[in-house]
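Numbering (our numbering), first residue to last: 540 to 1186.
Glycine included, each C-beta is placed from N, C-alpha and C at the ideal position.
Let me begin by presenting the structure, written as C-alpha cells, before commenting on it.
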Amino acid sequence: MEQAATAPGSGRPPVSVVVAVYNPGDHLQRLLTSLVRQTMAVADLELVFVDDGSTDGSLERLHSFADDRPGTIVTTIPNSGWPGRPRNIGLDLARGEYVFFADHDDEFFPEALERMYAVGRRDAADVVCPKLVTEGMHTPFWELAGRNLTDGDLVDDQLLIWRMTHKLFRRDFLLEHAIRFPEGPAPLEDHLFMAPLLPRAQSISLVADYPCYRWVLRNDGTNNSQDLFRAPGYWENFRTSLHLFDEGAGPGRVADAGLAWAAGRMLHPVRPKGYLALDPAARVEAVAPIAALAQDEIPARVDHLVPVLKRLRVQALRSDDLTTFDRLQEMVAALDVQVHLDHAVWSAGALHLSATATLSWPDDLEVTITRSGARAALDLSRWTTSVAPHAELTASDLGRLELTVRHRTSGVEWPLPRDEDRPDVEAPQGARLAAGWSGVIDPWNGLFGQCLDDGVWDVLVRAQFLGESRVHRLVVAEVPRETGTRSADGRRAARAAVTQRGTLAVRVFAPASERPVASATRWDGESLQLSFAEPFAVEAQLVAQVRGSDEAVTTPVRGGAATCTVTLPTTEPGDIVDFWVEVPGEERVRVVHEVRSGVPYQHPYAVYRTQHGSLSVRHDAPAAPATAAGGLRRQARSLARRLRPGR
C-alpha cells in the first residue's frame, strides 16, 4: 500500500486515524464516507483499521476500501472482547505525528482533521479537542463550546470534564508516557486512558469554531456506551482512574479538581427519577458502591468545589444517611425550571432575544434559601443533620441561563452571543432562583463569525441551578411579527417560526429554491389530498385560488406534516385553480407537481401539471352534444391519419 506524505521535518504522515472495528454492519460506511470526504490531502492522512474478529463482513469491506485508498492499513486479530487491544495495536502500527481514535460507527465533518492538525502544529499541543456533535442525545460537555482554547487550563477551562478519547493526540507524547488502553473487557476504558494523560499534557487546545466529530449513541446494542455502570468491573475501574489521575497530578488544585469532578460524575448511575422508582432494597444496592467511593476517595476538603446538590448527596452517602440521600434525590427530581421569553424582535438583520429562567420546588420539601448580606444558603435544617443544615451557595449554584441554536437535521449546536450588560442572576427568594439572558441570533454572523447552514434551527434553553442542568426547547406564545432578514447578497433568508410544539425555531433557506414539491394522491371531485416530498419545517397555509380571482380556500398545515387535504373553491367551467404555500413573513410560492401516478379524472375537473411544473386543477367546459355532422368529421380525420405517408 502507498504510504502517506510526511509531516514537516518528521518523516511521517501528519495524521493517523485509528479505528477498532467489530461488527458495525452498515454503520461502518458512514465513517468510511466521512474519511473519504476529508479536505486533508489523501497523502497526509493515514488510516489504520484493526478488525477485532468481526463476523459480519466488515473485514472484507475494509480490504475493498483499502484497495482504492492509498495510505490505508487493515489488519485483523482474534476477538478480544473490547476496543482496547485493537486500539493499542493501531497505535503501534500508526506512523502519524498525531493520532485520532475514532469509533467504527461515528463520523468526521469534512474539514475536521485538517483544522485540528493545523491547531495542533500551531500550538505544539499534546492534545487537540474537537467540537463534538451528538446524535441520540443532547450535546455533552457544553461548558467547552463557547471558545477556542490554546494551552487550556485543566481547572479554569474545565477540561477535566471530557474523559472521552475522541481527540487528536500527539503520538510521541503517548509513547513517552506509556499511555495505552486497558485490554480485554474494561468498562470505562476511556477514563483509564485519559486519567494518566490529562495531568501530564503540557498543552491542550480546543477547536470550538467548527464541528469536527459526530458521536452516535445508538439503542440497537452496537454501542459499548449503554448502561456500562452495571458491567462487572465498572466501579473498580472508576476507582482506579481516580488513582491514576492523582498520581499524574500530584497534590494541589488539579488533583482536588479531579476529585470534585469525580464526586459529581459518580452520581450519574443514580439519576433521581430512575432511582426513586426502585424499591428500597434496589436503592441500597445501587448506592452501595457510590457510598464506598464517597467514604474512601472523596475527602471533605474538596466539598466546596462540588455543586451544592451533588455536594449534599455525597455528604449524605459519606455519612451512610440514605434517608437524607433519598430526600435530596426527591428534591432534585422535583426541581421545576420555567423559562419565559421576555422580548423577541428582528433588528439590524438579527433576532434579539431576552429570556428569564426561574427555578422552584414544592413547599412540602421544606427547603428554603436564606440570605445574609451578599451570601445565600440552602436551609435544610428541618429534615437533616448528617449534611450541612445551611449549605452555602456559590455564584455558579445561584444559576445561569444560556440560549443556543441546534440544527434539527445535523445536530450541530452553536452558542449565541449574549449581552453582558444584563446580570445573570436575580436575588434569590424563598424557594425560588432566577437567571436571565439577553442576546442575538444573527444568522449571518454568529459567535465565531459563522453563518447558520440552511435548515431549521431550534432555539434551546440551557438552564443551570444548584449544579443541576436542564435542556429543552424555548416555548413561545407567538412568532415575532417582523419578516426576518436576508443575507447581504440576498441569496439567503432567515425567518422565525413557532413549531407544532409551540417552540421557537429559525429557518434559514434560499428563497428561490423554496417551492414545495407535492404529488396528488387522492381526488374525489371536491377535495384533493397532496403528499409532499419533504415535511413542512414550520406551520404554513396551503391556498387553493382561482386563477385571476380572489376566490380561494385556505387550509392550515402544521409543522412536521407531509400530507394535506384541501377543498377547492367554487369554480365555473373554464376556471383553473392554482395551489400556493404561504409561510408568515415570506412571499408565497407555487406548489410543484410531481407526477407519481395519475389520479382518476373526476368530470368536470382535471388535475394536471402546468408547463412550469406547477400543480393546478382545471374545471373543464361541458362536452358539446354529438351531431351527425360532427361524427362524420371525426371519421374523416381518423381516416386521413391512417392514410398519412409513413404510417
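CB contact flag (residue 602, residue 587, <8 Å): Not closer than 8 Å, so no.
First through last residue of the alpha helix (DSSP H) which encompasses residue 862: Run containing residue 862: 861-873, per the alpha helix (DSSP H) assignment.
Residue 729, buried or exposed, once every other Cβ within 10 Å from all chains shown has been counted against 16: Buried is the call here.
Which listed residue (623, 718, 883) has its alpha carbon closest to that of residue 1014: When the alpha-carbon of residue 1014 is set against those of 623, 718, 883, the nearest one is in 883.
Given residue 777 as reference, the closest of 694, 813, 836, 1058 once Cα atoms are compared: Answer by Cα proximity: 836.
Residue 926 classed as buried or exposed, judged by whether at least 16 other C-beta atoms fall within 10 angstroms: Under this definition residue 926 is a buried residue.
Three CB pairs or more closer than 8 Å across the region 652-668 and the region 707-714: Flag = yes, the region 652-668 and the region 707-714 touch.
C-beta contact flag for residue 685 and residue 747 at 8 Å: Their beta carbons are under 8 Å apart, which means residue 685 touches residue 747 by this criterion.
Buried or exposed (CB count within 10 angstroms, at least 16 for buried), residue 557: Buried, since its Cβ has 16 or more Cβ neighbours within 10 Å.
Expected contact under 8 Å - CB spacing of residue 1107 and residue 1083 to nearest Å: The pair is a contact, with the Cβ atoms about 6 Å apart (cut-off 8 Å).
Helix, strand or coil at residue 774 [DSSP, three-state]: Helix.
Residue from 658, 646, 840 whose Cα sits closest to the Cα of residue 791: Measuring from the Cα of residue 791, the nearest candidate turns out to be 840.
Buried versus exposed, by CB contacts within 10 Å (16 or more), residue 886: The residue in question, residue 886, is exposed, as its Cβ has fewer than 16 Cβ neighbours within 10 Å.
Residue 1128 versus residue 1009: straight-line alpha-carbon distance, rounded: CA-CA distance, residue 1128 to residue 1009, rounds to 39 Å.
Exposed unless 16 or more other CB atoms sit within 10 angstroms - verdict on residue 553: Of the other Cβ atoms in all chains shown, 16 or more fall within 10 Å of the Cβ of residue 553; this residue is therefore buried.
Same chain, Cβ closer than 6 Å to residue 1152, five either side skipped, listed in chain order: Excluding residues within five positions, the ones whose Cβ falls inside 6 Å are 1131.
Nearest-angstrom Cα separation, counted from residue 660 out to residue 691: Cα to Cα, the separation comes out at about 15 Å.
Residue 1091 and residue 1085 closer than 8 Å at C-beta: Judged by their CB atoms, residue 1091 and residue 1085 are nearer to each other than the 8 Å cut-off.
First through last residue of the alpha helix (DSSP H) which encompasses residue 554: For residue 554, there is no enclosing alpha helix (DSSP H); the residue is found in the beta strand (DSSP E) stretching over 554-560.
First and last residue of the uninterrupted beta strand (DSSP E) at residue 911: Start and end: 907-911.
Contact set for residue 860: own chain, Cβ-Cβ below 6 Å, skip 5 residues either direction: Here the set comprises 925.
Residue from 866, 627, 973, 733 with nearest C-alpha to residue 814: Residue 866 is the option with its Cα nearest to residue 814.
Identity of the residues DSSP links to residue 642 by a beta bridge: Paired residue(s): 559.
Nearest candidate by alpha-carbon position, reference residue 932, set 951, 977, 909: Ranked by Cα distance from residue 932, the first of 951, 977, 909 is 909.
Length of the line joining the Cα atoms of residue 574 and residue 1119: Each residue's Cα considered, the two are about 42 Å apart.
Neighbourhood of residue 1042 by C-beta distance below 8 Å, restricted to the same chain and skipping five residues each side: Result list for residue 1042: 997, 998, 1012, 1013, 1014, 1015, in chain order.
DSSP-derived helix/strand/coil call for residue 619: If DSSP states are grouped into helix, strand and coil, residue 619 belongs with coil.
Distance between residue 980 and residue 1039 (C-alpha atoms, nearest Å): C-alpha separation (whole angstroms): 21 Å.
Option nearest residue 942 by Cα separation, candidates 1019, 802, 974, 922: Out of 1019, 802, 974, 922, 974 has the C-alpha closest to the C-alpha of residue 942.
Cα-Cα separation between residue 765 and residue 675, rounded to whole angstroms: Residue confidence for residue 765 is low, a pLDDT of 45 falling below 50, so the modelled location carries little weight; the figure read from the coordinates is stated next. Each residue's alpha carbon lies about 12 Å from the other.
DSSP state of residue 682 mapped onto helix, strand, coil: In the three-state reduction of the DSSP assignment, residue 682 falls in the helix class.
Contact set for residue 794: own chain, Cβ-Cβ below 7 Å, skip 5 residues either direction: Counting only Cβ-Cβ distances below 7 Å, and skipping sequence neighbours, we find 785, 788.
Top-ranked residue by Cα proximity to residue 1087, from 1116, 796, 1003: Nearest to residue 1087 by C-alpha distance, out of 1116, 796, 1003, is 1116.
From 893, 818, 755, residue whose alpha carbon lies closest to that of residue 672: Considering only alpha carbons, the answer is 755.
First and last residue of the uninterrupted alpha helix (DSSP H) at residue 1118: In the DSSP assignment, residue 1118 falls outside any alpha helix (DSSP H) and within the unbroken beta strand (DSSP E) covering 1115-1121.
Euclidean distance between Cα positions of residue 1103 and residue 1059: Using only the alpha carbons, I get a separation of about 10 Å.
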